[in-house]
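Undergrad: My structure is below; once you've seen it, I'll send some questions.
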Amino acid sequence: METQQQREVAALEKGAACCAWNFCGQRLAVGSSDGAVSVYDSHDSSPASSPSHNWKVHTNGISSVVWLPPEAGDAIACVCVDGTFSIWEEVGQADQTITWKRCFLLESSSCRMLDVNFRVFSTGLKMITAYSDGHVKIFELLDSLDLDKWQLQSDFQNVVDSVSRFGNYNCSSASIAWKPREAQHLQAPASFVIGFNSDSSQLNSSKIWEFDEARNRWVLVGELALPEEKGDGVNALAWAPNIGRPYEIIAVASYKGIAIWHVGLNPGSDGRLSTKKVALLSGHDGEQVWQLDWDMSGMTLASTGDDGMVRLWQCNLNGVWHEQAALDCGTVQT
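Every letter in the sequence shown is one number past the one before it in UniProt numbering, and letter 92, counting from 1, is 92.
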């Protein structure tokens, strides 16, 4: 059996607050508490001792960095702790030097941006943003190489009943996950799941939204919460790639652990997708889980938490989910 080993890929500077790998897994973007972004390039087995690029994004710290899809070139989105949002693009100069140029900026005095996520469609690039008042905004970009021309497509709150909307909510965090692209269903409707960690049970439960082409708006098609769990804040979400399954799988992390949900492929007569909670994983020894991610096959789920561990989860042939491996992030093999 092949032994898996951990190795150091980059030596991060003090103050690193968040990080993200690009699509190819060769470039690491790191956001710092002083408002700077660093990019590390890892092309061989030796760790990157210093960043290839470093620049100041904001005077406030950075809470999230996200690489845009490769169709948009080398570009990074940054969310700061005060809610300021910016997109930075790597560009070449006449003297052949490489710099990062800000091509888009969003500032709001009324509420903070909490999270952002991107996906490419046949019609162009879409961006979802979540805000501290429970609002969800979807922006469109018809030309993925023109990153300064985002257009607001939709703005709504993450609630089931429209009567409950426009309340005075206070959200501390949010998590967004697009439905992964499937080569055989490129024309399928756009769908995503979003959940909040807030003072409102109406916002917290993870909800699946789908774009209705006929009505030209986003409609609620599913909710991932049992009646007694709708007040549980959501820490992280991950939508698994689907390679031939007759249902979708979505993982939801809360203070109770990691819930695994099966979601039907086609809505019923009421317009809703069937949902079933099939497992509740213990998580990280009672510690909070903050990040989830699936592998490319949609069969292995990775989670990270306050215990400093990366845990891998799989489902056996009997349909039972279990911990497959645990990696201690405090020890690194070189």
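Even for Gly, the Cβ is constructed at its ideal location relative to N, Cα and C.
So, using beta-carbon positions, are Trp239 and Pro189 closer together than 8 Å?
TA: Here residue 239 refers to the residue found at position 239 when the sequence shown is read from its first residue. Here residue 189 refers to the residue found at position 189 when the sequence shown is read from its first residue. No.
Undergrad: Glu286: buried (16+ other C-beta within 10 angstroms of its C-beta) or exposed?
TA: Along the sequence shown, one-based indexing puts residue 286 at 286. Looking at the sequence shown, residue 286 is not Glu but Gly. With fewer than 16 other Cβ atoms within 10 Å, it is exposed.
Undergrad: Could you check what DSSP says for Gln153 in three-state terms: helix, strand or coil?
TA: Position 153 of the sequence shown, counting from 1, holds the residue named residue 153. Of the three classes helix, strand and coil, the one that applies to Gln153 here is strand, per DSSP.
Undergrad: Hey, is the segment 319–329 in contact with the segment 265–277, meaning 3+ C-beta pairs nearer than 8 Å?
TA: No, the segment 319–329 is not in contact with the segment 265–277.
Undergrad: Identify every run of the alpha helix (DSSP H) within the segment 206–268, keeping only runs that are complete inside it and at least 4 residues long; order them along the chain.
TA: Fully enclosed alpha helix (DSSP H) runs of 4 or longer: not present.
Undergrad: Please report the straight-line C-alpha distance between Ser274 and Gly134, rounded to a whole angstrom.
TA: Here residue 274 refers to the residue found at position 274 of the sequence shown. Here residue 134 refers to the residue found at position 134 of the sequence shown. Going from the Cα of Ser274 to the Cα of Gly134 covers about 25 Å.
Undergrad: Please return the same chain residues whose Cβ sits closer than 6 Å to the Cβ of Ser154, not counting the five positions on each side in sequence.
TA: In the sequence shown, the residue the question calls residue 154 occupies position 154. If we look at Ser154 and ignore the five residues flanking it on each side, its Cβ neighbours are Ile138 and Trp218.
Undergrad: Helix, strand or coil for Ser198 per DSSP?
TA: By one-based count along the sequence shown, residue 198 stands at place 198. In the structure shown, Ser198 sits in a strand (DSSP, three-state: E or B).
Undergrad: By Cβ distance, which residues of its chain are closer than 6 Å to Cys171, with the 5 residues on each side in sequence left out?
TA: Taking the sequence shown and counting its residues from 1, one reaches residue 171 at position 171. Closer than 6 Å at the Cβ level, and outside the excluded window around Cys171, lie Ser132, Gly134, Phe196 and Ser198.
Undergrad: Can you list, in chain order, the residues of its chain with a C-beta nearer than 8 Å to that of Cys103? Leave out the 5 residues immediately preceding and following it.
TA: Counted from its first residue, the sequence shown places residue 103 at position 103. Contacts found: Ala75, Ile87, Trp88, Glu89, Leu147 and Asp148.
Undergrad: Using a Cβ-Cβ cutoff of less than 8 Å, which residues in the same chain neighbour Val221 once the five nearest sequence positions on both sides are dropped?
TA: For the purposes of this step, residue 221 is taken as residue 221 along the sequence shown, with counting starting at 1. Result list for Val221: Ser191, Ile208, Trp209, Glu210, Pro267, Gly271, Arg272 and Leu273, in chain order.
Undergrad: May I have the straight-line CA-CA distance separating Trp67 from Ser42, to the nearest angstrom?
TA: Reading the sequence shown from its first residue, position 67 is the one you call residue 67. Reading the sequence shown from its first residue, position 42 is the one you call residue 42. Straight-line Cα distance between these residues: approximately 16 Å.
Undergrad: Less than 8 Å between the CB atoms is what I'm expecting for Ile62 and Ala17, so what's the real figure, rounded?
TA: Numbered from 1 along the sequence shown, position 62 holds the residue referred to as residue 62. Numbered from 1 along the sequence shown, position 17 holds the residue referred to as residue 17. About 6 Å; that satisfies the 8 Å criterion.
Undergrad: Taking only three categories from DSSP, how would you classify residue 335?
TA: The shown model of the chain, from 1 to 334, leaves out residue 335, and the question about it has no answer.
Undergrad: Which same chain residues, not among the five before or five after Arg311, have their C-beta less than 6 Å away from its C-beta?
TA: The residue you call residue 311 lines up with position 311 of the sequence shown. Ser303, Glu323 and Ala326, listed in sequence order.
Undergrad: What does a CB cutoff of less than 7 Å around Leu142 pick up in its chain, not counting 5 residues either side in sequence?
TA: Translated into the one-based positions of the sequence shown, residue 142 becomes position 142. Hits under 7 Å: Gly124.
Undergrad: Could you name the residues of the same chain whose beta carbon sits closer than 7 Å to that of Asp293, not counting the 5 residues immediately before and after it, in chain order?
TA: For this step, residue 293 is matched to residue 293 along the sequence shown. Same-chain partners within the cutoff: Ala238 and Ala302.
Undergrad: Mark Phe23 as exposed unless 16 or more other C-beta atoms lie within 10 angstroms of its C-beta, in which case mark it buried.
TA: Along the sequence shown, read from residue 1 onward, the residue named residue 23 stands at position 23. It is exposed - the Cβ of Phe23 has fewer than 16 other Cβ atoms within 10 Å.
Undergrad: Hey, Leu224 and Ser206: beta-carbon distance below 8 Å or not?
TA: Your numbering for residue 224 matches position 224 in the sequence shown. Your numbering for residue 206 matches position 206 in the sequence shown. Taking 8 Å as the Cβ cut-off, Leu224 and Ser206 qualify as a contacting pair.
Undergrad: Taking Cβ to Cβ, would you say Met127 is nearer than 8 Å to Val79?
TA: Position 127 of the sequence shown, counted from the first residue, corresponds to residue 127. Position 79 of the sequence shown, counted from the first residue, corresponds to residue 79. Contact flag unset, no.
Undergrad: Gln93: buried (16+ other C-beta within 10 angstroms of its C-beta) or exposed?
TA: Reading the sequence shown from its first residue, position 93 is the one you call residue 93. Gln93 comes out exposed.
Undergrad: Taking 6 Å as the limit between beta carbons, can you name the residues of its chain near Gln314, skipping five residues before and five after?
TA: Walking along the sequence shown from the start, residue 314 turns up at place 314. Cβ neighbours of Gln314 beyond the five flanking positions: Thr300 and Gln324.
Undergrad: Would you give the residue range spanned by the beta strand (DSSP E) that Leu327 belongs to?
TA: Walking along the sequence shown from the start, residue 327 turns up at place 327. Note, Leu327: beta strand (DSSP E), Trp321 to Asp328.
Undergrad: Looking only at C-alpha atoms, which of Asp161, Lys56, Asp232 and Leu152 sits nearest to Ala174?
TA: Taking the first residue of the sequence shown as position 1, residue 174 is located at position 174. Closest by alpha carbon: Asp232.
Undergrad: Is the beta carbon of Ala36 less than 8 Å from the beta carbon of Val65?
TA: Position 36 of the sequence shown, counting from 1, holds the residue named residue 36. Position 65 of the sequence shown, counting from 1, holds the residue named residue 65. No. Outside cutoff.
Undergrad: Using only CA atoms, which one of Asn242, Ile98 and Lys277 lies nearest to Val252?
TA: Sequence index remark: in the sequence shown, residue 252 carries index 252 (1-based). Measuring from the Cα of Val252, the nearest candidate turns out to be Lys277.
Undergrad: Of all the beta strand (DSSP E) runs that stay within the bounds of the segment 34–117, which reach a length of 3 or more residues?
TA: Runs of the beta strand (DSSP E) inside the segment 34–117: 36–41, 53–56, 62–67, 75–80, 85–92 and 98–106.
Undergrad: Assuming Asn204 and Val234 are in contact, meaning their beta carbons sit under 8 Å apart, how far apart are those beta carbons, in whole angstroms?
TA: Taking the sequence shown and counting its residues from 1, one reaches residue 204 at position 204. Taking the sequence shown and counting its residues from 1, one reaches residue 234 at position 234. Asn204 to Val234, Cβ: 6 Å. Contact.
Undergrad: How many angstroms separate the CA atom of Val91 from the CA atom of Asn60?
TA: For this step, residue 91 is matched to residue 91 along the sequence shown. For this step, residue 60 is matched to residue 60 along the sequence shown. Whole-angstrom Cα-Cα distance: 25 Å.
Undergrad: From Gln151, Ala77 and Ile98, pick the residue whose C-alpha is nearest to that of Val116; which is it?
TA: The count along the sequence shown starts at 1 and reaches residue 116 at position 116. Closest option to Val116, Cα to Cα, is Ala77.
Undergrad: Whose C-beta lies closer than 7 Å to the C-beta of Val81 among residues of the same chain, with five residues either side of it excluded?
TA: Looking up residue 81 in the sequence shown gives position 81. Asn60, Gly61 and Ser63.
Undergrad: Of the residues Cys19, Ile176 and Glu71, which one's Cα is nearest the Cα of Pro51?
TA: On the sequence shown, position 51 is the one that residue 51 refers to. The option with the nearest alpha carbon to Pro51 is Cys19.
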